[in-house]
Amino acid sequence: RDRIDIDGISVSPDHFIGGRRVSSPETFETRCPFDWDRKLADISRGDAETARLSVAAAAEAFPAWAALTPAERATYLHRLADLIEERKDDIAQVECLDMAMLLESLRLRVISRAALNFRNYADLALEHQERVWSSKGTLNRVIRMPAGPALIITPWNAPFMLSTWKCAPALAAGNTVILKPADWSPLSASLLGDLIDEAGIPPGVFNIVQGGAELGNALTSDPGVRRISFTGSVPTARIIGKNAAENIVPFTAELGGKSALLVFEDADIDAAAKKAAGQYDDSGQVCMAGSRLIVQDSVKEEFLERFHAYTDAHVLGDSRDPATTVSAMIHPVHVERVLGFIDRARAAGDEIVRGGKRWKEGANWVEPTLIVPTGNDSEVVQNEVFGPVLTFQTFTDEAEGVALANSTEYGLSGVIYTGNADRAERVGRQVRGGTVWVNTFLVRDLTAPFGGIGISGIGREGGDYALDFHSDLKTLQILEG
Ligand code: ADP
Numbered sequence: 002r003d004r005i006d007i008d009g010i011s012v013s014p015d016h017f018i019g020g021r022r023v024s025s026p027e028t029f030e031t032r033c034p035f036d037w038d039r040k041l042a043d044i045s046r047g048d049a050e051t052a053r054l055s056v057a058a059a060a061e062a063f064p065a066w067a068a069l070t071p072a073e074r075a076t077y078l079h080r081l082a083d084l085i086e087e088r089k090d091d092i093a094q095v096e097c098l099d100m101a102m103l104l105e106s107l108r109l110r111v112i113s114r115a116a117l118n119f120r121n122y123a124d125l126a127l128e129h130q131e132r133v134w135s136s137k138g139t140l141n142r143v144i145r146m147p148a149g150p151a152l153i154i155t156p157w158n159a160p161f162m163l164s165t166w167k168c169a170p171a172l173a174a175g176n177t178v179i180l181k182p183a184d185w186s187p188l189s190a191s192l193l194g195d196l197i198d199e200a201g202i203p204p205g206v207f208n209i210v211q212g213g214a215e216l217g218n219a220l221t222s223d224p225g226v227r228r229i230s231f232t233g234s235v236p237t238a239r240i241i242g243k244n245a246a247e248n249i250v251p252f253t254a255e256l257g258g259k260s261a262l263l264v265f266e267d268a269d270i271d272a273a274a275k276k277a278a279g280q281y282d283d284s285g286q287v288c289m290a291g292s293r294l295i296v297q298d299s300v301k302e303e304f305l306e307r308f309h310a311y312t313d314a315h316v317l318g319d320s321r322d323p324a325t326t327v328s329a330m331i332h333p334v335h336v337e338r339v340l341g342f343i344d345r346a347r348a349a350g351d352e353i354v355r356g357g358k359r360w361k362e363g364a365n366w367v368e369p370t371l372i373v374p375t376g377n378d379s380e381v382v383q384n385e386v387f388g389p390v391l392t393f394q395t396f397t398d399e400a401e402g403v404a405l406a407n408s409t410e411y412g413l414s415g416v417i418y419t420g421n422a423d424r425a426e427r428v429g430r431q432v433r434g435g436t437v438w439v440n441t442f443l444v445r446d447l448t449a450p451f452g453g454i455g456i457s458g459i460g461r462e463g464g465d466y467a468l469d470f471h472s473d474l475k476t477l478q479i480l481e482g
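If you read the sequence shown in full-length UniProt numbering, its first letter stands for residue 2, the second for the next number, and so on.
Have a look at this one:
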């Protein structure tokens, strides 16, 4: 297929398999969330044949890639990171048009962090020392062996960052990769295909295939895939988990969240309220979002007053405009899904304190919405909405606050605002979540472990944890003397 011109940036609509562009007979379209009449591209829709070809390419390239030293692999990964930095503005522009993340944040932070993922893992794989010790008259040595082709399946909400976060450790560990981005935001991954080629990464080492559930299902069922790393929804994780079990393949899943933003009376209330209003950025389409505001009774009025003031200051609009603070939602289907949560909450007697409807006729925004639920068992409290919808609950003492924070099946993250260092430590340990922030939010060292508890996921990624996941650990024991 011909390459597509998107505001002067050339993007391939095809898969990138074995170092070549490959098309599929069927296509799917991708549109701009904040300008829905604008079709961006028709993209090849991968099918069972695409799955077969890409796994075969990854399997063929695997032995040579696995045989390289970590230092040799690091050279390729740094080159790829350099190219991402060089093309940063183009990647940011395409990602912004495709999924509406704010352009300024893409340019200033997100794309560079994506490049950093490759640098971090290039270095980590180099630093890693094999564990060696003597016992029972033998020398024990723990060796990390590359595992084989790794399948990476990513969601639509932070495509470039998440894809690189998940692919980098696989490549650094010596695995070859098949990346399947989500079909609602496929374009930045396609640009990545060009950079992989330009970086001279050997054909078949890093493949990118485009499509949805059909392709995902074919890939996860393929016995040639030796690792599956998934970020997405709970229902999809259940399907993937069954396929992984069938082939006895390790898999990690980073799923949704319904995280608490817990505000104590001893906190900097203004900072907490500002961060709470900040949950509407990206229209709440963030897995780690602190979407349940849980505030101590004694500071409720002060908190709400400031929260409303900060929320009033939000600007919905074109993600390329620096004035915009709330980006559009990804797709009209998703807008309807979120409105459905609000309608059911209203019907169940929950109080819609602000927002609650579509911003404008035909626009992909829901107004920043705050709901006071009738009870903790309300659907909108217990389920991830993944939209600009926050719930508001109060508590009297610490134990009650923690109990509320821990009262869903999720456990991805948590946010605590307190001015008391002892409480920060105590409550930080008690709040259920793979990542808990105190007096801040979303600050992440990319080498720290990341993942969820309960239905928020299985396994941890980040740092050495991801390198271990992507390796087969071997204990080599040699008789001493
Ligand atoms: P979201 O609600 O974030 O769209 P999904 O779980 O539907 O979450 O999608 C996350 C990723 O999983 C996407 O890349 C999507 O195409 C892929 N996917 C969806 N269904 C399947 C499936 N049955 N098998 C494998 N991957 C799938």
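The C-beta atom is built at its ideal place from N, Cα and C for all residues, glycine as well.
Residue(s) in a DSSP beta bridge with residue i
i    : result
S45  : T28
Y418 : V264
I331 : Answer is none; I331 lacks a bridge partner.
T476 : V143
W157 : Paired residues: none, contrary to the question.
T392 : R293 and I372
V12  : I5
R321 : In the DSSP output, where bridge partners are listed per residue, R321 has none listed.
D36  : C33
A151 : V178 and R228
W134 : N141
The ligand ADP heavy atom lying under 8 Å from the CB of residue i
i         : result
P182      : yes
N365      : no
P34       : no
I209      : no
G285      : no
G201      : no
T221      : yes
W360      : no
G213      : yes
F231      : yes
P224      : no
N218      : yes
A238      : yes
N141      : no
T31       : no
N407      : no
residue 1 : The requested residue 1 does not occur in the structure, where the chain is confined to residues 2 to 482.
W166      : no
G387      : Checking the displayed sequence, the identity of residue 387 turns out to be Phe instead of Gly. Yes, the ligand ADP has a heavy atom inside 8 Å of this Cβ.
S189      : no
N158      : yes
W185      : yes
S234      : yes
I18       : no
I241      : yes
Distance, residue j Cα to residue i Cα
i           : j    : result
C168        : Y122 : 10 Å
D344        : V381 : 10 Å
residue 1   : Q94  : As displayed, the chain neither begins before 2 nor continues past 482, which places residue 1 out of reach and without an answer.
residue 505 : G291 : This structure gives no information on residue 505, because the portion of the chain shown stretches from 2 to 482.
T253        : R424 : 32 Å
T155        : F231 : 6 Å
A60         : P150 : 6 Å
V316        : A364 : 14 Å
R433        : G458 : 13 Å
Q297        : A173 : 46 Å
H332        : D43  : 16 Å
S45         : L340 : 31 Å
T441        : D267 : 15 Å
F161        : L84  : 14 Å
S55         : N208 : 7 Å
K275        : V386 : 21 Å
L474        : T237 : 28 Å
T419        : I270 : 9 Å
Residue i beta carbon near the ligand HEM (any heavy atom closer than 8 Å)
i    : result
T155 : For the ligand HEM, the structure offers nothing, since it holds only the ligand ADP.
* Asked: Which whole runs of the beta strand (DSSP E) in the segment 183-255 are 3 residues long or more, in chain order?
  -> 207-209, 228-232 and 252-255
* To do: Tell me the start and end of each unbroken beta strand (DSSP E) in the segment 401-448 that is at least 3 residues and wholly inside, in chain order.
  => 414-418 and 436-439
* Can you give, in chain order, each stretch of the beta strand (DSSP E) that sits fully within the segment 338-385 and has at least 3 residues? -> 352-355 and 370-373
* Return the chain-ordered ranges of every alpha helix (DSSP H) run that is complete within the segment 53-119 and spans a minimum of 4 residues. => Complete alpha helix (DSSP H) runs here, min 4: 71-87 and 89-100.
* Asked: Fully enclosed by the segment 271-318, which beta strand (DSSP E) runs are 3 residues long or longer?
  -> 293-297
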